[in-house]
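A.B. asks: Anchor point for the sequence shown: position 54 equals 55 in this note's numbering, and the numbering is continuous, going up by one each time.
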Amino acid sequence: MVDINAISVKNLYFGYNKRDVLRDISFDVNEGEFLSIIGPNGSGKSTLLKTLNHIYIPKSGEIMIKDLSIENYKKRDLAKYMAMVPQDTNIDFEFKVEEVVAMGRHPYQGRFQQESKEDKDIIYQSMELTNTLEIRDRYINEISGGERQRVFIAKALAQNPKIILLDEPTSHLDINHQMDVLNLLKRLNEDKGITVVLVIHDINLACRYSHRILLLKGGEIIGKGKPEDVITIANIESTYGMNVAIEKNKYTDHIYLTPIEIKHKIKDKKYHHIHIISGGGTGQELINRLYMEGHELSLGVLNVGDSDWQHGRSLRIPIVEEKPFSSISDKAYKKALDRIMESDIIVMTNVPIGTGNLINLKLADKSLDLGKKVIYYIENQYENFDFTNGEATSILNGMKEKGLKLIHDYDSLIEEIK
Ligand code: ADP
Ligand code: MG
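1. With DSSP collapsed to three states, give me the class of residue 214.
2. Could you pull out every residue in the same chain whose Cβ sits closer than 6 angstroms to the Cβ of residue 304, ignoring the five residues on either side in sequence?
3. Within the same chain, show all residues whose beta-carbon is closer than 7 angstroms to that of residue 434, passing over the 5 residues directly before and after it, in chain order.
4. Counting C-beta neighbours from all protein chains within 10 Å, is the total for residue 46 16 or more, i.e. buried, or is it exposed?
5. Anyone know if the C-beta pair for residue 97 and residue 82 falls short of 9 angstroms?
6. If I measure Cβ to Cβ from residue 209 and keep anything under 7 angstroms in the same chain, skipping five residues before and after, which residues do I get?
7. How is the beta strand (DSSP E) around residue 27 delimited, first residue to last?
8. Quick one: using the 10 Å Cβ neighbour count with 16 as the cut-off for buried, is residue 356 buried or exposed?
9. Measuring CA to CA, which of 388, 140, 352, 206 is closest to residue 381?
10. Out of 159, 178, 165, 113, which has the shortest C-alpha to C-alpha gap to residue 146?
11. Please check the pair residue 159 and residue 127, which I expect to be a contact at CB under 8 angstroms, by giving their CB distance rounded to whole angstroms.
12. What distance in whole Å lies between the Cβ atoms of residue 231 and residue 216, which are believed to be in contact at a cut-off of 8 angstroms?
13. Would the beta-carbon of residue 21 fall within 9 angstroms of that of residue 60?
14. So does residue 168 have its beta carbon nearer than 8 angstroms to some heavy atom of the ligand MG?
15. Is DSSP giving residue 260 helix, strand or coil here?
16. Take residue 237 as the anchor and find which of 402, 205, 313, 211 has the nearest alpha-carbon.
17. Which residues end up in the neighbourhood of the ligand ADP when you take C-beta atoms closer than 5 angstroms to any of its heavy atoms?
18. Using only the heavy atoms of the ligand MG, determine whether one of them is closer than 8 angstroms to the beta carbon of residue 200.
19. Which residue wins for smallest C-alpha separation from residue 278, given the options 58, 333, 136, 198?
20. Check whether the Cβ atoms of residue 227 and residue 7 lie closer than 9 angstroms to each other.
21. So does the region 242-250 actually touch the region 315-322, counting three or more Cβ pairs closer than 8 angstroms?
22. Counting along the chain, where does the beta strand (DSSP E) carrying residue 371 start and finish?
23. Mapping DSSP to helix, strand and coil, what is residue 64?
24. Going by alpha carbons, who is nearest to residue 369 out of 387, 358, 408, 348?
25. At the level of alpha carbons, what is the spacing between residue 91 and residue 12?
26. If residue 35 and residue 197 are in contact, beta carbons under 8 angstroms, what's the gap, nearest whole angstrom?
27. Would you call the region 286-301 and the region 400-417 in contact, with 3 or more CB pairs under 8 angstroms?
28. Exposed or buried, which one is residue 171 when buried takes at least 16 other CB atoms within 10 Å?
29. Restricting to Cα atoms, I'd like to know which of 345, 308, 214 is closest to residue 374.
30. Beta carbon of residue 407, beta carbon of residue 379: below 9 angstroms?
31. With a threshold of 16 other CB atoms inside 10 Å of the CB of residue 371, please say whether the residue is buried or exposed.
32. Excluding five sequence neighbours on each side, which residues of the same chain lie with their C-beta closer than 6 angstroms to the C-beta of residue 399?
33. Is residue 160 close to the ligand MG? I mean its beta-carbon at under 8 angstroms from any heavy atom of the ligand.
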């Protein structure tokens, strides 16, 4: 990929009527780049694509295609450089697949001109590349959705473009055909050097296939850049109103987003800062519940690599951490104490206590001394949780006398936190 602009957009405004549907949009697409545009319904993705293809004229701002303002292109010259695969590819007329692909040659042909040898070759190659040769004699409205997408990509390729714009080409396809279309686009991008600008709903597919992502909300750019820089918890939360977890997918090594819950902050509800002392997976469900309730959380002390630590990381919750497999140091204890000072409520799970994590129990004990509300959340009763020769039990008994709250199920916990 080279750093030459295929498309450059500066301070673009557009509206269908008085209301601006695109506001102050600026971004570049490099030659050879694969850029995905994502955003909720109505955020302006299709409108943006249509202004890029000069179907709509901007109210203000500038669109440069290569090094020339879009206004200076004749329609057919633009079509030789940039092809668009629209969202709605339903055709009412009875065209055969090959005839549809051949339409891609119109910008190159005079009005009543016959197809030249070159036209025929390119039409053939376009069908070959998109695997549509076998269906060339079928009628366009008698093939499957996945096949039709490939036919319209073939038509776009017949324009012999440097840039191809696509509006949700995968939206009506099953996952197999979604990947089929995206793999085709990837091949065209990598092998033929075609610049791809793709509007797509599926954030995970966008992360997997794109060099960069443009995130739109309400006609404005919320983020642009590499998938890992744009697909952040904060961006997705503010754009889609969702609580999500973001991690690296262990199979594809790409950024992977898991929707957790629609965020519905309830007015007048009290949100707390809750510090969770857990470990070994005893905190996972607890963390999820409290996170979904919208509380501000912190965790620790947790050893790096512990399953609660991993879980907290994927939700970007602040964690006071200690080296892997090490006893908790005084330094980490003090850091956790700082977090506890800022918290309204401390929740401790009944993780088994040994000498390495006894200090976490002392942390909870100290919280009581500081006058904090401390909840001991016991989901599973262990026969033996004390691996310290009684020291843990004695601290715990002391804590019970100081007002430690014992809770055994989530409903009571949520009730208690209210
Ligand atoms: P997206 O593709 O992200 O779903 P669109 O670009 O289709 O969003 O729409 C952006 C906004 O513009 C929406 O509020 C939509 O209602 C409005 N809009 C889209 N097309 C038209 C149109 N032809 N006339 C008037 N408003 C439109
Ligand atoms: Mg759209």
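Every residue, glycine too, gets a C-beta built ideally from N, C-alpha and C. Nothing here was measured: the structure is a model prediction, and the numbers come from that model.
C.D. replies: So, from the listed chains and residues:
1. It is a strand residue.
2. Within the same chain, residue 304 has close Cβ partners 323, 325.
3. This structure cannot settle anything about residue 434, because the visible part of the chain is limited to 2 through 419.
4. In this structure residue 46 is buried. Its beta-carbon is surrounded by 16 or more other beta-carbon atoms within 10 angstroms.
5. In this structure, residue 82 does not lie closer than 9 angstroms to residue 97 by Cβ.
6. For residue 209, same chain residues with a beta-carbon under 7 angstroms away, outside a window of 5 residues either side, are 253, 255 in chain order.
7. That run of the beta strand (DSSP E) goes 23-31.
8. With a 10 Å radius around the Cβ and a threshold of 16 neighbouring Cβ atoms, residue 356 comes out exposed.
9. Minimum Cα distance to residue 381 is reached at 352.
10. Nearest C-alpha to residue 146: 178.
11. Their Cβ separation, rounded to whole angstroms, is 5 angstroms, which keeps residue 159 and residue 127 in contact under 8 angstroms.
12. With a Cβ gap of about 5 angstroms, residue 216 and residue 231 count as contacting.
13. Yes, these two residues count as a Cβ contact at 9 angstroms.
14. Yes - the ligand MG has a heavy atom lying nearer than 8 angstroms to the Cβ of residue 168.
15. Strand, per DSSP.
16. Ranking 402, 205, 313, 211 by Cα distance to residue 237 puts 205 first.
17. Proximity annotation: the ligand ADP has residues 17, 22, 42, 43, 44, 45, 46, 47, 48 in chain order, each selected because its CB is closer than 5 angstroms to a heavy atom of the ligand.
18. Checking the Cβ of residue 200 against the ligand MG gives yes.
19. The shortest Cα separation from residue 278 among 58, 333, 136, 198 belongs to 333.
20. Result no, Cβ atoms of residue 227 and residue 7 do not sit closer than 9 angstroms.
21. Output reads yes: the region 315-322 touches the region 242-250.
22. It is not in any beta strand (DSSP E) - residue 371 carries neither H nor E in the DSSP assignment.
23. Looking at residue 64 - three-state DSSP - the assignment turns out to be strand.
24. Of 387, 358, 408, 348, the smallest CA-CA separation from residue 369 is found for 348.
25. Taking the CA atoms as reference points, residue 91 sits about 34 angstroms from residue 12.
26. With 8 angstroms as the limit, residue 35 and residue 197 qualify as a contact, their Cβ atoms being about 5 angstroms apart.
27. Taking a cut-off of 8 angstroms on C-beta distances, the region 286-301 touches the region 400-417, as three or more cross pairs fall below it.
28. Buried: at least 16 other Cβ atoms inside 10 Å.
29. Residue 374 has its Cα closest to that of 345, out of 345, 308, 214.
30. Yes, they are a contact pair.
31. Exposed: under 16 other Cβ atoms inside 10 Å.
32. Excluding residues within five positions, none has a Cβ falling inside 6 angstroms.
33. Flag unset: Cβ of residue 160 not near the ligand MG.
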